[in-house]
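The structure appears right after this line, and notes come after that.
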Amino acid sequence: MARITIDLDAELVVEVMVLAGIGSPQDAVEAVVRDYIARGHRTETRTEFKDRNLREIDAKPQEPQG
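Here's what the structure looks like:
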């Protein structure tokens with residue numbers, strides 16, 4: 007996997023380290039990024055099922071109203 011180097015505010019990184027309970031700055035930031043990506047995938051999965059169900063409801067023939 008390719009690696010990149012970025013500069014971050016030290017206070018931000020220390021806060022992430024404390025909240026995550028991880029001693030290495032790189033590992034702490036990597037854990038946050040991985041969690042963010044995983045959360046996005048979970049959200050996509052949930053909304054996909056909801057959207058699919060709504061499409062199925064819309065596709066069903068409607069009873070005459072009135």
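The numbering of the sequence shown is the working numbering, which starts it at 7 and goes up by one. For every residue, glycine included, the Cβ atom is placed at its ideal position computed from N, Cα and C.
| Check | Outcome |
| --- | --- |
| Member of 47, 50 and 23 whose CA lies at the smallest distance from the CA of residue 37 | 23 |
| Rounded separation between residue 54 and residue 15 - CA only | 36 Å |
| Of the residues 26, 28 and 32, the one placed nearest residue 9, counting alpha carbons only | 32 |
| Alpha carbon of residue 21 to alpha carbon of residue 71, nearest angstrom | 59 Å |
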